[in-house]
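In my numbering, the protein residues as written are 53 to 424.
From the three backbone atoms N, C-alpha and C, an ideal C-beta is built for every residue, glycine too.
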Ligand code: GLU
C-alpha cells in the first residue's frame, strides 16, 4: 500500500519497544519509528501515534519489593502509569522536531457517543494544525469496567475515530505466523489476510509480551475492528528498521489485513466494535428483529428477562433465550424498570409503556450480530 498525500495513518507502538529493558524509556528502537513518522508527515500523510510505555516507564520509580509483590495489582499499575506517562511523552518529544499533543482516553470515553465525537474533533483539529496526537489509555483513572485494557484494541478504536486509511501495529515478531514461531522454526509468516475468521484467531494463540498487555490475539481483534471500518491494517516487526523502509516504499514487511469491500456504516461500527454491552435483554427464540419496519422493534411482551445493571441510554445485547446474539441496541430504559416490565404480573404497566413515545430500543442505534 502506498501512503499518499492526504491519507491518514495510525501507528501503535507497545511497551516492549519503548521500555525494552523495563528500566525506563529508551530511544534504542524508537529512532526508526520516529523517522518513519517524520517521513510520512513530510510526504503529506497525517499520523496519529498510539503509544504504550507509561507503566513500564513508571515501574522503576517504585520500590522493587512493591513492584515484585504487586505486579498484577491494578492500584500500583495506575500509580506507575501516572508516574511514567510524562517520561513516555518526553522520550518521543526528544525525537521529533514538530509538536505533539497528549490524549489520554478510557473506554468510558470511547463508548459514550458524545465524548467519542469530541475525541474525533480534537484529533481532527490537531492534525489540521500539523500537531502529532500521541494517544494512550488513561490508566491512572481506569477500573476494570472502564478500561479498554490493551493498546492494540485502543489503536483500532482511535483509527476508526480518526477515520484513518491505515493502521500499523508494531509487534516484536514479523507478523502473524501459522504457528508460534518461538516454538516451531518452520512456522510460516502469513503475508496477506483477506478474511479474519476462527482459523486466523487460532493462529494467534494466546502469546503475550513480557512488558505489554497485548499479544497476537489482541492484534487480530484490533485488525478485525479496523478492516471492518475499511482500514488497511499491518502487523510489522517494530524492532527492525527495514520494516519501516519497506512500508515507506509501499511494500508489506509483515502481515497485511485487507479492508472489507463494504465497510460498516460508522455509527453501526461504533456500536459493534467500540461499545461494550452493559447488560442483556432476553427475548424468545422466535423473536425476529426488523429494523426497517415502522413499528417498535421491541415490545414489552417480547421481553422475557433482563440481565445486569444498566441505565437508560446504555448499550445492551439483545439475546435470544437460546443464547443467540441478535443485536447490540441502545436501551431507553434502565434495567430496574425493564425487570419490572419483563415480570408478567405487571401486564398493565407493560401495555402503558408500549403506548408511550419512547420505545424500549431506538432504531437509530442498532448493530446486528451475524449468526454463526
Ligand atoms: N497503557 C499501558 C501503558 O501505557 C499499556 C497497555 C498495553 O501495553 O497494551 O503502559
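- When rounded, the separation of the alpha-carbon atoms in residue 242 and residue 332 is 37 Å.
- When only Cα atoms are considered, residue 72 and residue 146 end up about 18 Å apart.
- CA-to-CA, the gap between residue 311 and residue 200 works out to about 23 Å.
- For residue 369, the enclosing beta strand (DSSP E) starts and ends at 367-372.
- Annotated three-state conformation of residue 212 is helix, per DSSP.
- Counting every other CB atom within 10 Å of its CB across the protein chains shown gives residue 75 a total below 16, marking it as exposed.
- Residue 315 places its beta carbon less than 8 Å from that of residue 281.
- Under a 10 Å Cβ-count criterion, residue 288 is classified as buried, with 16 or more other Cβ atoms of the shown protein chains found around its own Cβ.
- Where residue 308 is concerned, the enclosing beta strand (DSSP E) starts and stops at 307-309.
- A distance below 6 Å between beta-carbons, with the five flanking residues on each side excluded, links residue 388 to no residue of its chain.
- For residue 135, same chain residues with a beta-carbon under 6 Å away, outside a window of 5 residues either side, are 110 and 113 in chain order.
- Distance from residue 384 to residue 413 at the Cβ level is roughly 7 Å; contact confirmed, criterion being Cβ atoms closer than 8 Å.
- Counting the other CB atoms within 10 Å of its CB gives residue 107 a total of 16 or more, which places it among the buried residues.
- In this structure, residue 382 sits near residue 365, with a CB-CB distance shorter than 8 Å.
- Burial is judged here by how many other beta carbons sit within 10 angstroms of a residue's own beta carbon; residue 98 has at least 16 and is buried.
- Of the candidates 103, 330, 121 and 416, 103 places its Cα closest to the Cα of residue 222.
- In the three-state reduction of the DSSP assignment, residue 189 falls in the strand class.
- When distances are taken from the beta-carbon of residue 107 to the heavy atoms of the ligand GLU, the shortest one is below 7 Å.
- Partner residues in the beta bridge of residue 101, as assigned by DSSP, are 63 and 186.
- C-alpha of residue 371 to C-alpha of residue 149: approximately 52 Å in a straight line.
- With contacts defined by Cβ atoms closer than 8 Å, residue 129 and residue 191 form a contacting pair.
- Runs of the beta strand (DSSP E) lying entirely within the region 375-408 and spanning at least 3 residues, in chain order: 377-383.
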